[in-house]
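Report on the following structure.
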Amino acid sequence: MTDTKTPGDKTLTVNPPKTLSLKRPVEQSTVRQSFSHGRSKQVVVEVKRRVPGHDVKEPVAPRPSQAPAQQPAPRPAAPAQAAPQRPAGGMLLRTLSDEEKDARQRALSEARNSEAEARRIAEDEARRRAAAAERERQEREAAQARQRQEEERRRHEDDQKRRAESAARQREEQTARPAAPAEREAAPPAPTQAPAPAPQPTQYYGRPAPSGPREFTQRPPMRDTGARPPRLDGRPPRLDSPRPPRIDASAPAEPAVARPTRQAPPSSGAPRNRADGDVDVRAAFRRAGVGAGAGRGPAPAAPKVPKSPNDKPRGRLTLATATGGDDERTRSVASFRRRVQRMTGHRASDAQKERVMREVIIPETITIQELANRMTERGVDVIRLLMKQGAMHKITDVIDADTAQLIAEEMGHTVKRVAESDVEEGLFDTPDTDETLEPRPSVVTIMGHVDHGKTSLLDAIRKTKVVTGEAGGITQHIGAYQVTTPLGSKVTFIDTPGHAAFTAMRARGAKVTDIVVLVVAADDGVMPQTAEAIHHAKAAGVPLIVAINKVDKADANPDRVRAELLQYEIQVESLGGETLEVEVSAKTGQNLDKLLEAIALQAEVLDLKANPDRAAEGTVIEAKLDRGRGPVATVLVQRGTLRTGDIVVAGAEWGRVRALIADTGAQVKDAPPSMPVEVLGFNGTPEAGDRVAVVESEARAREITEYRERQRRDRLAARGAASGAGRSLAEMMRELKEGAGRKEFPLVVKGDVQGSVEAIVGALEKVGNDEVRARVLSSGVGAITESDVTLAQASGAVVVGFNVRAHKEAREAAERAGVEIRYYNIIYNLMDDVKDAMSGLLAPTLRETMLGNATILEIFNVSKVGKIAGCRVTDGTIERGAHVRLIRDNVVVHEGKLGQLKRFKDDAKEVVAGQECGMAFENYQDMRVGDVIECYRVEEIKRSL
23 MTDTKTPGDK TLTVNPPKTL SLKRPVEQST VRQSFSHGRS KQVVVEVKRR VPGHDVKEPV
83 APRPSQAPAQ QPAPRPAAPA QAAPQRPAGG MLLRTLSDEE KDARQRALSE ARNSEAEARR
143 IAEDEARRRA AAAERERQER EAAQARQRQE EERRRHEDDQ KRRAESAARQ REEQTARPAA
203 PAEREAAPPA PTQAPAPAPQ PTQYYGRPAP SGPREFTQRP PMRDTGARPP RLDGRPPRLD
263 SPRPPRIDAS APAEPAVARP TRQAPPSSGA PRNRADGDVD VRAAFRRAGV GAGAGRGPAP
323 AAPKVPKSPN DKPRGRLTLA TATGGDDERT RSVASFRRRV QRMTGHRASD AQKERVMREV
383 IIPETITIQE LANRMTERGV DVIRLLMKQG AMHKITDVID ADTAQLIAEE MGHTVKRVAE
443 SDVEEGLFDT PDTDETLEPR PSVVTIMGHV DHGKTSLLDA IRKTKVVTGE AGGITQHIGA
503 YQVTTPLGSK VTFIDTPGHA AFTAMRARGA KVTDIVVLVV AADDGVMPQT AEAIHHAKAA
563 GVPLIVAINK VDKADANPDR VRAELLQYEI QVESLGGETL EVEVSAKTGQ NLDKLLEAIA
623 LQAEVLDLKA NPDRAAEGTV IEAKLDRGRG PVATVLVQRG TLRTGDIVVA GAEWGRVRAL
683 IADTGAQVKD APPSMPVEVL GFNGTPEAGD RVAVVESEAR AREITEYRER QRRDRLAARG
743 AASGAGRSLA EMMRELKEGA GRKEFPLVVK GDVQGSVEAI VGALEKVGND EVRARVLSSG
803 VGAITESDVT LAQASGAVVV GFNVRAHKEA REAAERAGVE IRYYNIIYNL MDDVKDAMSG
863 LLAPTLRETM LGNATILEIF NVSKVGKIAG CRVTDGTIER GAHVRLIRDN VVVHEGKLGQ
923 LKRFKDDAKE VVAGQECGMA FENYQDMRVG DVIECYRVEE IKRSL
């Protein structure tokens, strides 16, 4: 920009030139802007200069006492209020409009408000800092007061200790050196002999104190103790301003000593007495490296001068720190604590903390680290106690509950012993009050021998035909049904199978029942399973009702049944006993009403009651795995009411009840006491006989099932350890030797329900002898899967399915691998086939049959053949290929087979008695004249279990 039309000159100048003078803060001038293509434009330029002293920055945090003195200076008047100044170019500046004036006034008022707000905030901050400083001062004074009290206490204790020691010394001196009574009387008392320590003459650094009165003369004013000492060469001393330290590389490093500043001003000309408290100040200071003069004592250590609060580190000097105001740096809490600890001599930390005695919960086993954490003690202290008892442990070692209890009690804590089984506490058998009990239906279990008409009798009562659906006409499953009697009462019946393999089912039925109905056929009498049912009923402690069935048959003899029951201590009412008996016929329905009346009478005597308004408890009667519905458990509710949605636990399985299905097939929403239902919703198939309980949450259910699963694994591990790990090497070698020839028949068993699988596995374990046994590799509920086939292929086992079938994939895998799958629906056929297969593994029995004897008359040597014995058959016949024995002097010399048998020159099949023949043995040539040859046949006889 230029005021000429010269395009090359770009210098900014003002035309016409003016003289140098003091101008107003706002200067105006006119310049011409040059553009391309020769265009130009004249504009007015205002130059504003900053006037010193008018722009004062407000400090960030002014002190309250300086707030009135730091008011901002008045700003210069607005340009609109000054007289208009005519520019050099002859143009007149326009005046401000009303809107601009209002805008400027608003800006000024907002600036004033913001400044006032900033001042108010600064004042509040200053007040807060002053209060913090006051609190710190009070705390400092309190700490100093505590320190003074502590020092006073210590001084008092030291004085008492000194007095006691001096008194003891005096007593010892008096006893050791007895003095004359006169001298003791002439001696002045001790307090008058020893003057007070204060008026004693003071030693001035090795010089004796002057005796007598002392004249005080005018002394030059004392310099400040922190100033430089006087020079020894007579030159005038330097100024007292600090100088930078001089570093001497050859001299050793010496710590800097802060020298105290004297309180008297240097200009004071008053005389000074040495006994007024300044006796410890040296007359002259020594330079570093200069020894002390002769006759002077050791120089006293100069006390440290605490830093002033204003002596804070400056840090890096920047524009922000220079103009940001004097922010006061306060002491941190940690710094204040350290200072208090230094002042009190760390006595607070030396005091032993008060130990907190706790109630420590100790399980059956616990690690040392966990025990220390529960006691809030250090692990090394626990290990130290164990080492004192002679036990060396690491912090991760596991100790038993007794040891942990000893340690906790040794440390002063109280112990609460808990067991892992406490998770089941309160799960079962919670007592109910009499007010909450209500009558419930009776549970009746029908037991007896196989084919005595138990299921037929129940069908006659229920008006159903369950027996027709059973394979082979025998019951192989346990069933539960609820029946309404003609009298209107409800009775729950449990039907048990009568086969010998289903002992566990009968035992479970006897445990959950209230009454046992013993069914005995009138034409068959008491059989083994009948006696077993009697034993189960006596073990369960339940009453017995005898039902003599099949009285409609021609050969029925009920008296025989009554007589045979006396052998098992069962005396019926007709014979003067207490056991109820009813003669019934399931086929004709004879006396069924009397049987129901007897059951009702017995139930009334028992007075059966339960609380329906509580969490349900029950027992799993049977469990199975349904392909469409999943795990299904038949549960008999014993206490409480089971509802849909409840969280139930059964053994090592838990789940949420999705559906309840009655014995009629109808779906119900709840099951009161004594009602059997099928429960859907378990996450796995529970074991038959497991107790069922309703819990309040899934977490509790998982905790209980995890504990039971651990218990099951521990039992299996213990069983394996007892069979393997706990044996000695000699025992293991003996068992290997004994079982070397024992063969095994591997099986994989799958069944429809848990009870059937349990019965089959129990029966198979009983089959076998010392030479062969059945080994069940795997057993379970549900259809045969590919994993079962794979297991059977790896071990060479046979897959057995009881009332189940294999999946399509499992069948294809079995065909490819050559694994045999056998299906059964009657337990008799299954056991017979397994026995036959195991019998094939038995070694056959060898039986000898005598054929005849021959005597050797002559021995012939034939080239390329060997020795030929010429014999005469004395009795019986000699057959070619038969077994022979060579007997010499009534001693068997050789046993083998007959290699050749010839009659003259022809081979003969057999030679009868009285004829002569030639015989040659296989692999034997030592034959002599007069030896006897015994010929016999060996027959193999197949064995069976």
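Per the numbering used here, residue 23 is the first one in the sequence shown, and the count goes up by one each step. C-beta atoms are modelled at their ideal positions from N, C-alpha and C, and glycine is treated no differently. Please read these numbers as outputs of a predicted model, since none were measured by experiment.
Where residue 612 is concerned, there is no enclosing alpha helix (DSSP H), because DSSP gives it neither an H nor an E. The distance from the Cβ of residue 794 to that of residue 863 is about 5 Å, consistent with a contact at the 8 Å cut-off. Under the three-state reduction of DSSP, residue 535 is assigned to coil, being neither helix nor strand. Between the beta-carbon of residue 569 and that of residue 533 there is about 21 Å, and that puts the pair past the 8 Å contact cut.
Runs of the beta strand (DSSP E) spanning 3 or more residues and lying entirely within the stretch 644-701 occur at 652-661, 669-672, 675-683, in chain order. When the five nearest sequence neighbours on each side are left out, the beta carbons in the same chain lying within less than 8 Å of the beta carbon of residue 606 are those of 479, 569, 570, 571, 573, 612, 613, 614, 616, 617, in order along the chain. Apart from the 5 residues on each side of it in sequence, residue 879 sits with its Cβ closer than 8 Å to the Cβ of 892, 893, 894, 938, 951 in its chain, given in chain order.
Within the same chain, 820 come within 6 Å of residue 842 by CB-CB distance, once the 5 residues on both sides are set aside. If you ignore the 5 residues before and after residue 578, its C-beta comes within less than 7 Å of the C-beta of 544, 545, 572, all in its own chain and listed in chain order. In the structure shown, the three-state DSSP call for residue 908 is strand. The C-beta distance from residue 799 to residue 778 rounds to 18 Å, too long to meet the 8 Å contact threshold. DSSP, read as helix, strand or coil, puts residue 894 in strand. Taking C-beta separations shorter than 7 Å and ignoring five residues to either side along the sequence, the partners of residue 831 in its chain run 808, following chain order.
Secondary-structure assignment with DSSP links residue 178 through no beta bridge to anything. Pairing residue 814 with residue 770 gives a Cβ-Cβ distance under 8 Å.
For the pair residue 811 and residue 776, the CB atoms are not nearer than the 8 Å cut-off. In terms of Cβ geometry, residue 535 and residue 505 do not form a close pair [threshold 8 Å]. Rounded to whole angstroms, the Cβ separation of residue 604 and residue 672 is 36 Å, and the two are not in contact under 8 Å. Short of 8 Å from the beta carbon of residue 393, and not among the five residues preceding or following it, lie these beta carbons of its own chain, in chain order: 382, 384, 404, 421, 426, 429, 430.
When 399, 765, 469, 946 are compared, the shortest CA-CA separation from residue 379 is found for 399.
Counting C-beta atoms within 10 angstroms of its own C-beta, residue 464 has 16 or more neighbours from the protein chains shown and is therefore classed as buried. Short of 7 Å from the beta carbon of residue 169, and not among the five residues preceding or following it, lie these beta carbons of its own chain, in chain order: 365, 366. Taking one beta carbon from each stretch, the stretch 458-478 and the stretch 507-516 have 3 or more pairs nearer than 8 Å; the two touch.
The DSSP-derived three-state label of residue 842 is coil. In this structure the stretch 910-922 does not lie against the stretch 959-967, because fewer than three pairs of beta carbons, one per stretch, are closer than 8 Å. For residue 410, the uninterrupted alpha helix (DSSP H) run begins and ends at 401-410, by DSSP. Around the C-beta of residue 537, 16 or more other C-beta atoms lie within 10 Å, and the residue is accordingly described as buried. Rounded to whole angstroms, the separation of the alpha carbons of residue 377 and residue 196 is 50 Å. If you draw a straight line from the Cα of residue 501 to the Cα of residue 860, it comes to about 33 Å. Secondary structure note for residue 779: it is in no beta strand (DSSP E), and the uninterrupted alpha helix (DSSP H) holding it is 776-788.
Only buried fits residue 875, as 16 or more other CB atoms lie within 10 angstroms of its CB. Secondary structure at residue 593: coil, using DSSP grouped into helix, strand and coil. Straight-line measurement puts the Cα of residue 661 at about 23 Å from the Cα of residue 526. CA-to-CA, the gap between residue 386 and residue 413 works out to about 19 Å. Under DSSP, residue 872 forms a beta bridge with 958. Under DSSP, the beta-bridge partners assigned to residue 942 are 922.
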